[in-house]
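Those letters in the sequence shown? Residues 133 to 416, per my numbering, in order. So the structure is just underneath, and the comments pick up after that.
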Amino acid sequence: MPERITLTLCIALTSILVCCADDSLLDRVVAAEKNYTAEIEQYREELLDALASKREIAQKRGDLKSLQRIDDEITQFKEHQQLPKMVSVRAYSRKMSLAKSKMISAYEQTVTDLTKSGAIEQAKSVQAKLEQFVSGKAVIPHDAIRFGHLAYKVFPDQLTWEQARERCTGLGGTLPRISNNQENDFLTNLAKKANLSGFWLDISDHQREGTWIHTDGTSVIFTNWDKKNFHQPNNAMRVEHYAVSLTKLNGLWWDYPLDPKAYPNLTSSGRPGFICQWDLNKGK
């Protein structure tokens with residue numbers, strides 16, 4: 133075999149091996165991010181369970197003031213990550229600190245390994261994630277899909293609207309806030325590829341019937357309600373206050389109850405999956 137051909141084959145083989153090694157390192161980051169997400173969700177649930185137990189005690193005692201304070205703390209923790217004062221948060225803080233340290237170590241090790249392998253651009257990308265994470269800013273998952281100035285990640289978990297919203301908030305994002313037909317079509321196709329029959333939207337009218345707003349209180353500028361076929365939103369049984377996009381109806385929107393187990397024909401358990409959204413321009 134001529135030396136030039138042999139050299140070319142060796143270079144190609146080396147490139148393939150380096151590429152595979154880089155992919156393996158990036159997969160390690162994705163796995164670490166998933167583990168971190170699972171851990172912080174578990175710790176959040178443990179703290180919420182402690183608050184729920186405290187609330188139950190206050191209710192049994194007939195202590196209305198304490199019950200109201202606990203309800204306020206639950207709301208502040210869910211929506212703004214504000215730590216409660218009526219239960220001990222020492223164990224929670226310790227576990228969260230340990231989880232964060234493990235995630236930082238994973239980022240740092242991956243940056244080092246990518247740099248050693250010569251994958252400088254990938255190393256810079258992970259380094260940027262590390263800096264975001266340390267600063268407390270939202271860290272967009274490595275496998276999130278970009279579309280314009282937004283990024284999305286699909287989750288197959290069939291949760292209630294509130295649970296899905298909390299999951300996205302915990303990741304520094306939101307449920308989808310769709311602004312136009314292009315975003316609606318993109319998300320519909322994304323959901324179809326993931327075999328989701330529907331996904332929650334960051335829109336509700338639970339505060340005031342008929343007034344649909346985002347969870348931050350801002351107005352909704354785009355809608356795609358299924359008005360022609362099913363006269364949506366129709367607030368059936370007066371409990372449907374949460375928007376969902378149905379992929380089986382090509383992205384038309386319906387209003388659903390908080391936990392739509394009454395609709396087993398749409399998903400196996402009656403609940404949609406969900407998608408988290410991040411604004412890439414936020415904080416710039």
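Ideal Cβ placement from N, Cα and C applies to all residues, glycine included.
TODO: Taking 8 Å as the threshold, find out whether the stretch 287–300 comes into contact with the stretch 403–411 through three or more Cβ pairs.
DONE: These segments touch.
Open item on the list: On the criterion of 16 or more Cβ atoms from any shown chain inside 10 Å, does R222 qualify as buried, or is it exposed?
Closed with: With fewer than 16 other beta carbons inside 10 angstroms of its own, R222 counts as exposed.
Open item on the list: Tell me the DSSP secondary structure of S185 in three-state form.
Closed with: helix
TODO: Compute the Euclidean distance between the alpha carbons of T320 and K414, then round it to the nearest angstrom.
DONE: Approximately 24 Å between the Cα atoms of the pair.
- [ ] Would you mind working out which of A251, E211, V258 and V371 sits nearest G305, comparing C-alpha positions?
- [x] Looking at the Cα atoms, E211 is the closest of the given residues.
- [ ] Please classify R278: is it buried, with 16 or more other beta-carbons within 10 angstroms of its beta-carbon, or exposed?
- [x] Its Cβ having fewer than 16 others within 10 Å, R278 is exposed.
Task: Contact under 8 Å by Cβ, T347 with D337 - done: no
Task: One or two residues paired with A283 in a DSSP bridge - done: R278 and W410
Task: Three or more C-beta pairs below 8 Å linking the stretch 363–380 and the stretch 238–246 - done: no
Open item on the list: Taking the alpha-carbon of I268 as reference, which of M228, A164, T247 and D275 has the nearest alpha-carbon?
Closed with: According to the sequence as given, residue 268 is Gly; it is not Ile. Nearest neighbour of G268 by Cα position, chosen from M228, A164, T247 and D275, turns out to be M228.
TODO: State the Cα-Cα distance for the pair E298 and N366, rounded to the nearest angstrom.
DONE: 26 Å
Task: Per-residue burial, T146 [other beta carbons within 10 Å of its own, 16 or more giving buried] - done: Residue confidence for T146 is low, a pLDDT of 41 falling below 50, so the modelled location carries little weight; the figure read from the coordinates is stated next. Exposed.
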